[in-house]
Amino acid sequence: MSVKCSYAASAGQLTAWYGTSRTEMEWDDNQEPTAADHGDVLYDIGKSDTIGRYMVARRNITPGEVVFTDQPAVIGPDNAAIPMCLVCWRKVSGNYKCRMCGWPLCGDACRETKAHGKECVIFQERESKVEVTSFGKPNRIYDAILPLRVLLLKLTNKKVYRLVCLLMDHKENQSPAQQRRQA
């Protein structure tokens, strides 16, 4: 089965951000990840109906040998985070805010990063600045940042986005009580 994904952004906005106005991508959702997705590695990836995906060593691995390293797909604040700079993660007091989108940041150095710039454009498109008014205690507005960054992978790194979409939650193996605890 082939899946077609699209997102809501104007062709001009996409061209300004990424040099292309392409708004769709396609991939086969039955295509499983392979070791080739991760470069030159010491393992193969298998899949079982019982346990899901697993790794099998391609050769004997010596004690202390690095089997794999990984980088996070995205980084963002936890749910109900205390207001923080969305670039360097320092706590903020509200003394400095991005004049374009309103997010509290540490200062010009963080505001001028490419990472903030991409998100800033999205908030500017809303034509409504972010308003964080309470500092030093959890703020639910930060809950939107991590999902936003995952969705931005559709535009910025389709390979990583595809791998994130293939993550398995194993909810079908959980009891109703376990599923309620996670909700």
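Start counting at 1 in the sequence shown, then tack on 469, and there's your number in the numbering used here. Every residue, glycine too, gets a C-beta built ideally from N, C-alpha and C.
- Message: What would DSSP say about GLU641, mapped onto helix, strand or coil?
- Response: helix
- Take every Cβ of the region 641–652, pair it with every Cβ of the region 586–599, and state whether three or more of those distances are shorter than 8 Å. no
- Query: If you count every other CB in all the chains shown that lies within 10 Å of the CB of MET553, and 16 or more means buried, which is it?
  - Reply: buried
- Message: So the candidates are ASP547, SER603, ASN626; which of them puts its Cα closest to the Cα of ASN564?
- Response: SER603
- Query: Which whole-angstrom value is the C-beta distance of PRO616 and ALA550, which I expect to be below 8 Å?
  - Reply: Actually they do not touch by this definition, with Cβ atoms about 13 Å apart.
- Item | Where GLU493 falls, given that 16 or more other Cβ within 10 Å makes a residue buried | With a pLDDT of only 46 at GLU493, under the threshold of 50, the placement of this residue in the model should not be trusted, and no figure is reported.
- Query: With DSSP run on the structure shown, which of helix, strand or coil describes ILE610?
  - Reply: helix
- Query: What do you reckon, are the CB atoms on CYS570 and VAL561 nearer than 8 Å?
  - Reply: no
- Message: For the pair the region 510–527 and the region 591–600, tell me if three or more CB-CB distances fall below 8 Å.
- Response: no
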